[in-house]
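Each residue of the sequence shown is one higher than the one before, counting from 2 in our numbering.
Glycine included, C-beta positions come from ideal geometry on N, C-alpha and C.
What follows is a short report on a single structure.
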Amino acid sequence: CDDLNDLTRLFSYVGQDTETFVILGSPDILTRKWCVGEMCTARSHKVNTVLLKWPDFVNPDHDFITKYDSIVPDISELVNYNIGLVEVQETMAWINTVQTVDVPSIVSLEAMEHICSSLTGSLRSPSHS
Numbered sequence: 002c003d004d005l006n007d008l009t010r011l012f013s014y015v016g017q018d019t020e021t022f023v024i025l026g027s028p029d030i031l032t033r034k035w036c037v038g039e040m041c042t043a044r045s046h047k048v049n050t051v052l053l054k055w056p057d058f059v060n061p062d063h064d065f066i067t068k069y070d071s072i073v074p075d076i077s078e079l080v081n082y083n084i085g086l087v088e089v090q091e092t093m094a095w096i097n098t099v100q101t102v103d104v105p106s107i108v109s110l111e112a113m114e115h116i117c118s119s120l121t122g123s124l125r126s127p128s129h130s
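What follows is the structure, given as structure tokens:
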């Protein structure tokens, strides 16, 4: 679980103890500095990553990436964890290359099965009662 009291440990968990890193693609996720720090860590450690893309998530474009430090001015706090603006910008571009699973606005059982099978690489048989 996330431990915002010890971010060094949190980033270590992502980089060393995570098999698949899942980005919950909500509208504001790319502006949450600690989430971005986790994304940077996943990218730099080459952790398999999947973006669960909510309907209102917007992929980072060139303008967003180049102006990131003015959009999220407190991102500079990540420097304390060896994550600078260049790493953040590279990660924003990288997000556009990871496996993406679209999450529909209304999640049905079939949609949930698709999401789960995309994350686990397997599809379970429906249970019969």
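If you ignore the 5 residues before and after I116, its C-beta comes within less than 6 Å of the C-beta of V102, all in its own chain and listed in chain order.
Here I66 is not near M40, since their CB atoms are 8 Å or more apart. Residue pairing by DSSP places V80 in no beta bridge whatsoever. Sequence-distant partners of N97 (beyond 5 residues in either direction) whose C-beta falls short of 6 Å from its own C-beta, in its chain, are N60.
Sequence-distant Cβ neighbours of Q100 in its own chain, meaning closer than 6 Å and more than five residues away, are V51. N49 and T32 do not touch by the CB rule: their CB atoms are close to 24 Å apart, not below 8 Å. Between H46 and G16 a beta carbon distance of about 4 Å is seen, short of the 8 Å cut, so the two are scored as contacting.
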